[in-house]
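Residue numbers for the sequence shown follow the working numbering, so the first one is 1170 and each next one is one higher. Encoded as structure tokens, the structure appears first; notes follow it.
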Amino acid sequence: MSNSQPSLHLTARGYLIDFLATSTAPSVDQNELREILLFLNNLITFDEINLIKEDVEGV
């Protein structure tokens, strides 16, 4: 795994946290927001796992 890839995942998670912080208005459906954030976080985690697998198989 190159040095730039882990920082990309951290950046993506940072954007999720920023999104959560800016979307806490009472008019925002918090349940829907939680589902979206969980889905996006799972995609990031899945991508990280695949990158680790590729790195291990490439060794």
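All residues carry an ideal CB built from backbone N, CA and C; glycine is no exception. Remember, predicted model here, so these are calculated numbers, not experimental data.
- For Asp1198, there is no enclosing alpha helix (DSSP H), as DSSP marks it with neither H nor E.
- Counting C-beta pairs closer than 8 angstroms gives fewer than three between the segment 1187-1199 and the segment 1213-1221, which falls short of the contact rule.
- The C-beta distance from Leu1185 to Leu1209 rounds to 6 angstroms, short enough to fall under 8 angstroms.
- One thing to note: His1178 has its Cβ no nearer than 8 angstroms to the Cβ of Glu1204.
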